[in-house]
């Protein structure tokens, strides 16, 4: 049974005992509500103080609401990732077709459709689509398409429609000999900037051969929609994803916990006034919780508004080259509910913990600032526990996506504990650090003593950015350490290459001529290639066989003379001959093309008349080592798996030439795709995580910057009278401003040192976990530069307020 | 008309905060070594007069002359330098820097003038001894009583050997015993150093420590010397 509380609150009727209507001694004294009712009453009173307590209260509530709101908005974005991913996957699956073996069992009918996926690129952005040939009036329509495009027609995504209509899309229009008959609806496109189309065709055939460079054969389908299994994700990428989430979400949590403490000192003075009129300690805590709860709830509303505003900018973010659709950015209901419950709960919890350090008496607030030194041991236990989770994983996470569980929770848990440990160590480091600072000018002395007497606010002010920097340094090291596995540096931007299904030497010659005639092309060579191995050494002894006319072969090797019927063995300048005349070679098709058939094999022996020659670089700078054969020496039609290789060199910097070459390729066959070489090609999941980190870090830094500015201004407001007193005593403005700047600079310097040490340590450990090596110990400098630069910017922006508050006439407020 | 021999004098001071007039043609003067009590009810403009005299506030009209110089003509930096070296201040709640020790607080004005820390603290210690609070020199303000805090504040106001001390309700937060002791020490020390004291108060017993009383009412200062006779 709940015990009645001795004193109830400011509304308690027990204060009128001296009045004429004071209760008789034998009458029971009225008491206020107890238990949940007392909670409800005091929480409501706190909420009322938060919104009706005058300008100061409103300002405090606004600060809390804005701070919490910004944090909530970022959490809502994070909570939207599952839906975003699911919505895109759903649309992708809905327009996918089953191109596996069982699709070949579908018989032609008036309900079937021939489908050939086709891809090109425009300005290095993929333009994907499909050629469609209905086999009857009831053939299925792709999602988002209302009428089947007839031969010579295409339906396009909105972004492709815009591009084709614009002047920029002129070269792309030349590639598509189709009339635009319609626009694909939302259900059929992945994102607002996706370039996608369906073109009607009367030429594709169900038996069109597979071939290198053509990712899908022509398939017969009776419906759209297929669950793509997707490639398994490398465990290293899972580790990267986990750490990215931890690094981005943890500072948000710290930020929210800090935001709900805004204006705490002023609130404590108000609570002291309530104590004076009879409120007991428990009631003051409940009232304070009510205030915090009100701020947090308003923060949820602000957060929802900020989220809706930010959502409109989602189309600026791309995932796998396609922009995010704002409509897909919807928080998952479960996560949204968790945010709605957890944020107010954190607000109340933090308030109650804060009040434990304060004794609110009727005549004032006593802060427990007695020199009780912060203890180090438990702060060290937290990162130690994190390391204890990570150390057993050393070398345990490999790149192999089939290697099994990446110990997801263990990695995330270890990372969280290490970063939380860094946040916990910061107040101790500040206290221990400034205790050693002696001497110095007045501004320095004022700042160090201020921090020494109460390092909490300073630690909170830079705690978020310290953890963010430590995490970013660790992630950056991790990215740099595993980059080689996912990123391929390509040599030059002025070369293009393509691999197409097999052709005859005559066709290859005609293709070469077409490409050479294209404006902006310096050199081009199209050759027919077949993979082979020595018949007596099936597992080793691989080589290539290139079939071409003498003009083509002269471009690949130094030939003294050449005529049809000649065969050459080409070796690179630095390699000795591995093939000899008379060697028997086996040529096979690739196992995954066989559909259970026996391999098709072509046996061929290098003629005794073959001459060894020296290979020269092709337009891509490669050496075609192996056999170079003229057309009459090999039956090209009998080759089991020939491919047509396209190598093109462009005039450097001529971007239009790139698109002209693609147009030429498309005019040969829409299925011929030529890639531009150069730059950096990233594994798509790796690129996605890296981009998420970049976008998330940007938002996080903006959040931390806003929070830091609010914290700085709030601290200035709290100390306004003291600063005015110093100014009245004649302190130079520079001394007062200097003390404010030192109060920021010292925690930032110590926090940065801790972040660098912690981040490098965590990065090293994580690299050990994924078997990576540290590639650059100084790679953290840009991260630190950005963090410190942001703080410098915020501090600079707060200087006018400092100037304003250090005027001696601030004393007038007394 | 500024009386001859005045160290600090003001004439025709006007100051308004928005629609509220705090000073409306106030005159004031003080001679070296003189203790003048500025009295009046709450909201009469006493503190505003003190702030104008000390160069903390610029009056809307009228002049303040210190040692022959017009304070209104001085820049903010020059007025700050004047407050640093020539004036001392005692406020109602001491207004000590909570993070500094009492010794460091008392030494602060000297350090602001560029005196080395050791020299500044040696001087401050002598004043703390003089004001009977040397035993709490290593304590922080939050660890000592209000009366002790106010004595430290008085020591702080005296370390630079100022020519004028401005005391704004220096005993307002103290009990009578402590208040009187603080006043005794303040006026005694001021007389020893020939410092003039502008003592803002609304308590008659505080005024008893002064040589002369000026009453501020409705923004006007009225010298009571003519009423009660010469001080």
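Protein chains in written order, with my numbering: chain A, 1 to 814; chain B, 815 to 1045. The beta-carbon is built from N, C-alpha and C at its ideal position, and this holds for glycine as well.
Going along the chain, which residues of its own chain have a beta-carbon closer than 8 Å to the beta-carbon of residue i, five neighbours each way excluded?
i                      : result
residue 632 of chain A : 564, 565
residue 910 of chain B : 916, 919, 955, 963, 966, 967, 970
residue 675 of chain A : 121, 496, 497, 498
residue 126 of chain A : 119, 120, 195, 321
residue 948 of chain B : 939, 942
For residue i, which residues in the same chain have their Cβ closer than 7 Å to its Cβ, ignoring the five residues on either side in sequence?
i                       : result
residue 829 of chain B  : 836, 837, 862, 866, 871, 873, 874
residue 84 of chain A   : 324, 328, 329
residue 61 of chain A   : 50, 51, 294, 295, 298
residue 214 of chain A  : Because residue 214 of chain A sits at a pLDDT of 46, beneath the cut-off of 50, its placement in the model cannot be relied upon, and the following sentence gives the value as read from the coordinates. For residue 214 of chain A, where only same-chain residues beyond five positions count, the Cβ hits under 7 Å are 501, 671.
residue 736 of chain A  : 723, 726, 727, 806
residue 692 of chain A  : 244
residue 254 of chain A  : 423, 463, 464, 467
residue 558 of chain A  : 613, 614, 616
residue 1008 of chain B : 846, 847
To the nearest angstrom, how far is the alpha carbon of residue i from that of residue j?
i                       : j                       : result
residue 427 of chain A  : residue 374 of chain A  : 8 Å
residue 627 of chain A  : residue 237 of chain A  : 41 Å
residue 259 of chain A  : residue 386 of chain A  : 27 Å
residue 763 of chain A  : residue 412 of chain A  : 13 Å
residue 651 of chain A  : residue 657 of chain A  : 8 Å
residue 933 of chain B  : residue 1003 of chain B : 20 Å
residue 883 of chain B  : residue 823 of chain B  : 10 Å
residue 834 of chain B  : residue 860 of chain B  : 14 Å
residue 421 of chain A  : residue 383 of chain A  : 5 Å
residue 92 of chain A   : residue 41 of chain A   : 53 Å
residue 1020 of chain B : residue 798 of chain A  : 43 Å
residue 192 of chain A  : residue 89 of chain A   : 15 Å
residue 858 of chain B  : residue 979 of chain B  : 21 Å
residue 690 of chain A  : residue 248 of chain A  : 12 Å
residue 794 of chain A  : residue 473 of chain A  : 22 Å
residue 768 of chain A  : residue 741 of chain A  : 40 Å
residue 516 of chain A  : residue 653 of chain A  : 17 Å
residue 694 of chain A  : residue 378 of chain A  : 33 Å
residue 533 of chain A  : residue 139 of chain A  : 45 Å
Taking 9 Å as the threshold (C-beta atoms), are residue j and residue i in contact?
i                      : j                      : result
residue 524 of chain A : residue 646 of chain A : yes
residue 462 of chain A : residue 708 of chain A : yes
residue 955 of chain B : residue 729 of chain A : no
residue 725 of chain A : residue 905 of chain B : yes
residue 360 of chain A : residue 475 of chain A : no
residue 850 of chain B : residue 990 of chain B : no
residue 992 of chain B : residue 959 of chain B : yes
residue 840 of chain B : residue 876 of chain B : yes
residue 184 of chain A : residue 142 of chain A : yes
residue 612 of chain A : residue 553 of chain A : no
residue 530 of chain A : residue 642 of chain A : yes
residue 311 of chain A : residue 333 of chain A : no
residue 528 of chain A : residue 649 of chain A : no
residue 508 of chain A : residue 548 of chain A : yes
residue 830 of chain A : residue 206 of chain A : Residue 830 of chain A falls outside the range modelled here, since chain A spans only 1 to 814, and no answer is possible.
When you measure from the CB of residue i to every non-hydrogen atom of the ligand GTP, does any distance come out below 8 Å?
i                      : result
residue 933 of chain B : With respect to the ligand GTP, the structure offers nothing, as it holds no ligand at all.
Closer than 6 Å by C-beta to residue i: which residues in its own chain qualify, once you throw out the five before and the five after it? Chain order, please.
i                      : result
residue 389 of chain A : 410, 413, 414
Run through chain C and tell me which residues come within less than 8 Å of residue i, C-beta to C-beta.
i                      : result
residue 442 of chain A : You won't find chain C in this structure, because its protein chains are A and B.
Closer than 8 Å, Cβ to any Cβ of chain B: which residues of the segment 709-743 of chain A, in chain order? 721, 722, 725, 726, 727, 728, 729, 730, 731, 732, 733, 735
Taking a cut of 9 Å between CB atoms, which residues from the segment 914-939 of chain B lie near chain A? 914, 915, 918, 922, 923, 925, 926, 927, 931
Inspect the CB distances between the segment 934-953 of chain B and the segment 888-900 of chain B and report whether three or more fall short of 8 Å. no
Contact list for the segment 849-861 of chain B against chain A, Cβ threshold 9 Å: 861
Going along the chain, which residues of the segment 865-888 of chain B sit with their C-beta nearer than 9 Å to a C-beta in chain A? 865, 868, 869, 870, 871, 872
Hey, is the segment 447-465 of chain A in contact with the segment 777-786 of chain A, meaning 3+ C-beta pairs nearer than 8 Å? no
Please list, in chain order, the residues of the segment 306-317 of chain A that have any C-beta partner in chain B closer than 7 Å. none
Identify each residue in the segment 817-834 of chain B for which the Cβ-Cβ distance to at least one residue of chain A is less than 8 Å, and report them in chain order. 831
If the cut-off is 9 Å on Cβ atoms, which residues from the segment 1011-1036 of chain B count as contacting chain A, listed in chain order? none
Closer than 8 Å, Cβ to any Cβ of chain A: which residues of the segment 950-964 of chain B, in chain order? 954, 956
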